[in-house]
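Residues in the sequence shown are numbered from 1 upward in steps of one, following the UniProt record's numbering.
Built from N, CA and C at the ideal position, the CB exists for glycine as well.
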Amino acid sequence: MAHIGALPKIHRYITAHNDEGKAIFSKAFVEESKMKANDDGIAFALSFTTKGFPVDMNDDKDLDVYGDYLKDAPGLVITGGTVLRHVDIPPDTACTMHRTVSLDYGCVLEGEVECLLDSGEKRQMKRGDVCIQRGTMHQWINHNQTWCRMLFVLQESKPLKLAGATVGEELAGMAGVRSSD
């Protein structure tokens with residue numbers, strides 16, 4: 001499955017301050033967020049990360065955190081932080097059913113995708129739709145002949161207690177994804 005050129009390049013612009021305290025665009029990173037395809041064809045871009053609450057932006061400490069994660073990519077979730085990730089899903093492709101210990105906002109930017117829950121409930125999501133994932137077992141399925149691009153913001157959550165048991169991260173061997181920090 002060819003990915004190059006299937007969807008537009010992602011440009012993310014990070015703001016900063018100059019020595020006079022005026023807002024500028026940071027030159028710390030290239031503005032193009034690079035997509036990296038996994039074995040299943042689903043491509044990820046790590047567009048920004050944070051660590052700690054509240055985020056410390058003094059002396060560009062947050063940019064240092066992001067730079068470190070670009071060198072050594074995190075799992076889907078960062079303990080005590082946030083993750084901004086773009087995900088491109090090829091035509092006729094599904095990720096594995098999975099759960100993260102996080103509150104996730106998943107917004108469709110291009111195309112359409114089905115969100116399937118382990119109960120069997122599903123929703124067909126179109127451009128502009130958002131799904132708020134609250135630690136649920138779910139799967140993203142692109143039934144279409146066109147690519148789908150999603151934007152995710154993930155924030156760690158406390159472990160969920162469901163049906164008398166505490167549940168944790170369940171990735172079921174997702175291609176190219178390691179366990180969270």
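Beta-ladder partner(s) of residue i, from DSSP
i, result
"H86", "A45, L151"
"H138", "H98, L117"
Residue i (DSSP reduced to helix, strand or coil)
i, result
"V130", "strand"
"D68", "helix"
"D39", "coil"
"D104", "strand"
"L171", "coil"
"K51", "strand"
"K22", "coil"
Neighbourhood of residue i by C-beta, 6 Å cutoff - its chain only, sequence neighbours within 5 removed
i, result
"L84", "S47, F48, V153"
Buried versus exposed, by CB contacts within 10 Å (16 or more), residue i
i, result
"T146", "exposed"
"A2", "Residue confidence is low: A2 scores 49 on pLDDT, short of 50, so the model does not pin down where it sits. Its coordinate-derived value is still stated next. A2 is exposed by the Cβ-count criterion."
"H138", "buried"
"M57", "exposed"
"E26", "Per the sequence shown, the amino acid found at residue 26 is Ser instead of Glu. Label assigned to S26: exposed."
Neighbourhood of residue i by C-beta, 7 Å cutoff - its chain only, sequence neighbours within 5 removed
i, result
"G52", "G80, G81"
CB contact check: residue i to chain B, cutoff 8 Å
i, result
"T15", "In summary, chain B is missing from the structure at hand, where a single protein chain is found."
Mind the definition here: the stretch 158 to 166 touches the stretch 109 to 122 only if three or more C-beta pairs lie below 8 Å; say whether that holds.
Too few Cβ pairs lie closer than 8 Å, so no.
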